[in-house]
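Trainee: For the sequence shown, the numbering used here gives the first residue as 206, with consecutive numbering after it. Let me give you the structure first, and then I'll get to my questions.
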Amino acid sequence: MRKALLPILLSIAFLLALTGIESPSPNSGFPRSGIAAHALADDDLFELRKNFEIFGAMYEEIVMGYVDRVRPQPFMKTGVDAMLAELDPYTRFYDQADNMDIAQMRRGPEATVGLNIGMQSGQLTVLAPEGLTSGYHQGVRVGDRILRVDGVDVSKITVRDVVVLLRGENNTPVELEIERPDTGKILTFILRRETSKTTNVSFSGYLGGDSTLGIGYVRLDAFGNRAAREVRRAFRSMLRSGGLHAAVLDLRNNPGGLVSEAVGMVELFVPRGTMVVSVQGRHKDSSRNYMTEEEPFMPDIPLVILVNRFSASSSEIVSGALQDLDRAIIMGETTFGKGLVQIGRKLPYNTSMRITIGHYFTPGGRDIQSRRITSSSAEISRPSVEQYRTTAGRPVRSGVGIEPDVDVTPDDPGELQQALRQDGAFFLFAGEWINKVPSDALHRTDTELFNSFRAWLRARGFRYTTRTEEKLAAVSDVLPDHWDADLKGRLNDIQLAMEEEKEVEFSRIKSAILKELREEIMSRILDRKALIEYELQHDETVGEALDLLRDIERYRSLLTQ
């Protein structure tokens, strides 16, 4: 009988730990601890205990009496994952194996495609951005449902197993098949595994070719430990070597990280004692104001912050605070809009979880969160779009992420360019090109490179279908057999015309194709610093920032409009 009761007791203890409530003991009544247990009304407490009892009884009945053997641990984890999926994409449970994997990743970098994945509504889903790594660059979107990895059906395996499948040797391809929920389309991507970086700052140097302009640039990839110190060190080095008259901090594709590092970043630019961000949660001990504690390192230097749709969390804290305080011009695209705060909680048996406990608010009171997240169990996020004012009175909005002061939105890739990315064509061709052509591959003319790429695509049988072709095919499929042959002939003429138009499209976007090919080839020849310098020379947003900081009167006027 005791053995039969063991699963129910363990499950109840486990669920009690999830909520921060200690399991009852004979001498202590029903003590409560942790954020989730604060100020529970008697009715809530009764419901909590009642449902624990129901869950435990059901769990024991299934594990002990189901027609086939049920493995208690994976069965429990399936239930927990489904339960947490009712909340938000960021509240997650990590079992012992997950924690071992996390510990292993911390010991040393391993190549992967950089997708943040988890269970959402019972399906393996791409969650939040993790920098502009191969997956996001080639068109995988947040919300895409993963079906297969290198031909392996992932519907019956764990998230951890999928993470393992996505890992591998650096610079190797992996095939990912996904379903796009809004269209129901099944898409296949060839992604490149990349080794994660061990530093937060991936590049720093002067813009404009040399130090004479004194415009410093720092690219920050994440808000890990010592991120603010790394940025400070980079700018100080430029200040000492050639002078620093203006600065660009690049937070594009930065998914965030430690709040303390975001505060430390803002601290470099604003007076001591300035509010940076506030966290507001359900309970008092989950609410907090974060203030700067040190004197600023660069209090007056003109500053531009670059952001895009993949800038999230701590990136939005920094850009939102500096925008509210009129201390920087925010340039680029509207950010991701992740304004939910998570903390880690240790659980029994070397398990853990991250739980959402509040919202981030900028110094001016704006909610950073932009996505509405509700379920039958909770209403986690209900952002409303409202207008606020910066310190100088400039209009800004809440509930939409952080909108830029200067909008620089790169052209979205057309259907052809996206199909080439999705197929991994640029990545695969560049590898073959480097191996087959002489060492002067970089100096081959654009015409030689483009024609070789087109021939390579033909040899591989590359084809893609436009949305217009899909709609036309759908019309053709439903035409009755007795319809006029002339009409069917005209539909066929349209199809042929569209094929011809697709050939013309190659010439129309030739410059975009060549840019991607050159960057892929460069990535195999140049070291990281030289590659980034090359990319910066062709970066539209960086060019806009440089032009703005050269025109200091325009810069100042933008801060007062």
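Ideal Cβ placement from N, Cα and C applies to all residues, glycine included.
1) Could you pull the start and end residues of the beta strand (DSSP E) that residue 526 belongs to?
2) Here's the rule: buried if 16 or more other CB atoms are within 10 angstroms of the residue's CB, otherwise exposed. What is residue 742?
3) Going along the chain, which residues of its own chain have a beta-carbon closer than 8 Å to the beta-carbon of residue 524, five neighbours each way excluded?
4) One question on the structure: do residue 638 and residue 573 come within less than 8 Å of each other, judged by their Cβ atoms?
5) Just the C-alpha distance for residue 666 and residue 355, rounded to the nearest angstrom, thanks.
6) Select from 628, 663, 605 the residue whose C-alpha is nearest the C-alpha of residue 397.
7) Report buried or exposed for residue 263, applying the criterion of at least 16 other Cβ atoms within 10 angstroms of its Cβ.
8) Is residue 182 buried or exposed, if buried means 16 or more other CB atoms sit within 10 Å of its CB?
9) Pull the bridge partners of residue 494 from the DSSP assignment, please.
10) Taking the straight line between their C-alpha atoms, what separation do you get for residue 232 and residue 531?
11) Is the segment 293-304 close to the segment 543-550, with three or more CB pairs under 8 Å?
12) Using three-state DSSP, classify residue 447 as helix, strand or coil.
13) Does DSSP put residue 390 in a helix, in a strand, or in coil?
14) For the beta strand (DSSP E) containing residue 280, name the first residue and the last one.
15) On a CA-only basis, which of 477, 475, 340, 563 is nearest residue 394? Give me that one, please.
16) With burial defined as no fewer than 16 other Cβ atoms inside 10 Å of the residue's Cβ, what is the status of residue 588: buried or exposed?
17) What distance in whole Å lies between the Cβ atoms of residue 436 and residue 425, which are believed to be in contact at a cut-off of 8 Å?
18) Taking the C-alpha atoms as reference points, what is the distance between residue 444 and residue 405?
19) For residue 700, name the three-state secondary structure that DSSP assigns.
20) Give the single residue among 568, 400, 597, 704 whose Cα lies nearest to the Cα of residue 483.
21) Which whole-angstrom value is the C-beta distance of residue 440 and residue 421, which I expect to be below 8 Å?
22) For residue 592, collect the residues of the same chain with a Cβ closer than 7 Å to its Cβ; drop the 5 residues on either side in sequence, then sort them by chain order.
23) Could you say which of 387, 659, 747 lies nearest to residue 634 if we only look at CA atoms?
24) Using a Cβ-Cβ cut-off of 7 Å (strictly less than) and excluding sequence neighbours within five positions of residue 739, which residues of its own chain qualify?
25) Is it buried or exposed, residue 360, if we count other Cβ atoms within 10 angstroms and call 16 or more buried?
26) Leaving out five residues before and five after residue 469 in sequence, what residues of the same chain have Cβ atoms less than 7 Å from its Cβ?
27) Touch check for the segment 270-280 and the segment 547-566: three-plus C-beta pairs under 8 Å?
28) Once DSSP output is grouped into helix, strand and coil, what is the label at residue 604?
29) Ignore the nearest five residues each way along the sequence and tell me which others in residue 765's own chain have a CB closer than 6 Å to its CB.
30) How would you call residue 753, buried or exposed, if buried means at least 16 neighbouring beta carbons within 10 angstroms?
Mentor: Quick answer:
1) Not the beta strand (DSSP E): residue 526 falls in the alpha helix (DSSP H), residues 519-529.
2) exposed
3) 456, 510, 512, 516, 533, 535, 540, 607
4) no
5) 20 Å
6) 628
7) exposed
8) Residue 182 lies beyond the residue range present for the chain, which begins at 206 and ends at 766; the question has no answer from this structure.
9) 483
10) Only weak support is given to the placement of residue 232: the predicted model assigns it a pLDDT of 34, under 50, and the value that follows is read from those uncertain coordinates. Whole-angstrom Cα-Cα distance: 58 Å.
11) yes
12) coil
13) strand
14) Careful: residue 280 lies outside any beta strand (DSSP E), inside the alpha helix (DSSP H) at 277-289.
15) 340
16) buried
17) 6 Å
18) 20 Å
19) helix
20) 568
21) 6 Å
22) 600, 602
23) 659
24) 727, 731
25) exposed
26) 433
27) no
28) coil
29) 597
30) buried
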